[in-house]
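This report concerns only the one structure given below.
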DNA sequence: TGTCCACTGGAAGGGAGGGCTT
DNA sequence: AAGCCCTCCCTTCCAGTGGACA
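Residue numbers (our numbering): 2 to 403.
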């Protein structure tokens, strides 16, 4: 096939999608079916700003992944901004996921960038200087700023709740601007990590999100697919299957939407004219794999090496490993690859990280006379781990041995 | 009942990479 | 350019600990 024709084929191939972006994660729909209660709860809190009743309370939103917390927060804040506009009021907002920016410094830097459009150097500045900058930015606006902190548990587990405390207190210092915080977490026990003074000011209001059931998912998927796919492409039965699958996985709407998108892509590639149950089932496997793979690919080198060591243990049949044993394997992996191993103390921290990502489970267990250790276990298939890690060139060799 | 193992996890500090001030 | 101070990632040090075993 001539090079010039490679793309011809892909382009001429009649797409099954009408508007594919409707099936991506950052798409915010026109309305949020089955979340009317939550929408009105958040809206009624934020409405204080519209009524001129001063700063709205900080809000805390809990619920498992894919229950609509993130999209709802963005949705309501957007509505608030546009309603404000009609009343001649200005609001601004910032959205930040602390899973990827989990130090105080980086959170503040991101907020400065998003609210003030000024870039902050990656390191070098004292954190309190960045905090001052943020304060000035907010104050110069002379209006309410809504800060949405998603997956806020990552920040707190990694850096403590000092920053959160400072942010809840910042209104006392600000002269003109005001801040309302919307914290989002899928860790239902999150409160336990917080200092009481933070709970009392951050948890002024809280909204709990329950998982969607199969019927609700079906309805959501049907509405989305009407916009996303050309007519008669997606069979009703396929939507049923997708919603049933997602309902079983704690009602994760995001996963369900992924299923539709990937199923559509599979059908296109296989040059089908319809998306059926078959494609959904194929998509299911692929989506699961992709989530895990992307997570692993994004890992720092040392965590990948650790994961490989866990993979080696899983391969030899002893899935549960004490940290001491894991360290031996990990060190031989490092030797093989020509990397310097990190200390035992550091391994512990890395394991905690991997556990938060859901790639590993671990429990501290006592073996009485034989000491006390964390027992870790790989939660994903060793094969998939290797596949993902192979993308890192210099690890290929070792990965082959698994 | 006490001992003692094999760690865990907090605290402090070092050095690489970097910005700000003079 | 020098000197200072910062963050981030990591190390070193160490007190603390659950429970099998003597």
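Don't be surprised by glycine CBs; every beta carbon is placed ideally from N, CA and C.
Per DSSP, cross-strand counterpart(s) of residue i
i	result
residue 362	378
residue 62	185, 208
residue 180	146
residue 18	230
residue 276	235
residue 220	In DSSP, residue 220 forms no bridge with anything.
Residue i in three-state terms, based on DSSP
i	result
residue 339	coil
residue 96	strand
residue 232	coil
residue 107	helix
residue 323	strand
residue 52	coil
residue 373	strand
residue 27	coil
residue 120	coil
residue 367	strand
residue 151	strand
residue 383	helix
residue 213	coil
residue 295	helix
residue 303	helix
residue 330	helix
residue 241	helix
residue 250	coil
residue 80	helix
residue 317	coil
residue 172	helix
Close beta carbons around residue i, own chain, < 7 angstroms, minus the five adjacent residues each side
i	result
residue 103	155, 156, 159, 160
residue 250	256
residue 243	222, 257, 260, 261, 281
residue 138	113, 116, 117
residue 178	139, 140, 142, 143, 144, 146
residue 215	244, 245, 248
residue 351	303, 304, 307
Status (buried if at least 16 other CB within 10 Å, exposed otherwise) for residue i
i	result
residue 185	buried
residue 1	There is simply no residue 1 to check, as the chain begins at 2 and stops at 403 in what is shown.
residue 233	exposed
residue 368	exposed
residue 272	exposed
residue 225	buried
residue 174	exposed
residue 145	buried
residue 163	exposed
residue 29	exposed
residue 129	exposed
residue 189	exposed
residue 99	buried
residue 32	exposed
residue 1	The displayed coordinates of the chain run from 2 to 403. Any statement about residue 1 would go beyond what the structure contains.
residue 345	exposed
residue 365	exposed
residue 17	buried
residue 362	exposed
Neighbourhood of residue i by C-beta, 6 angstroms cutoff - its chain only, sequence neighbours within 5 removed
i	result
residue 315	379, 383
residue 342	332, 335
residue 205	58, 59
residue 277	236, 239
residue 389	294, 297, 298
residue 187	65, 66
residue 68	210, 212
residue 2	Model confidence at residue 2 stands at a pLDDT of 48, short of 50, so the residue's coordinates are unreliable; what they give is reported in the following sentence. Taken in chain order, the list of residues that qualify is empty.
Other residues of its chain near residue i: CB distance less than 8 angstroms, five sequence neighbours each side excluded
i	result
residue 285	246, 260
residue 74	43, 62, 96, 149, 151, 183, 185
residue 354	304
residue 131	106, 109, 110, 113, 121
residue 220	34, 35
residue 51	81, 84, 85, 88, 90
residue 181	47, 50, 56, 57, 58, 59, 60, 145, 146, 147, 148
residue 119	113, 134, 138
residue 172	56, 179, 180
residue 1	Outside the shown range of the chain (2 to 403) lies residue 1, about which nothing can therefore be said.
**Q.** Three-pair Cβ contact test at 8 angstroms for the stretch 167-180 versus the stretch 146-154
**A.** yes
Q. Quick check: the stretch 318-336 against the stretch 359-377, are there 3 or more CB pairs under 8 angstroms?
A. yes
Q. Between the stretch 76-88 and the stretch 204-212, do three or more beta carbon pairs fall short of 8 angstroms?
A. no
Q. So does the stretch 189-205 actually touch the stretch 30-39, counting three or more Cβ pairs closer than 8 angstroms?
A. no
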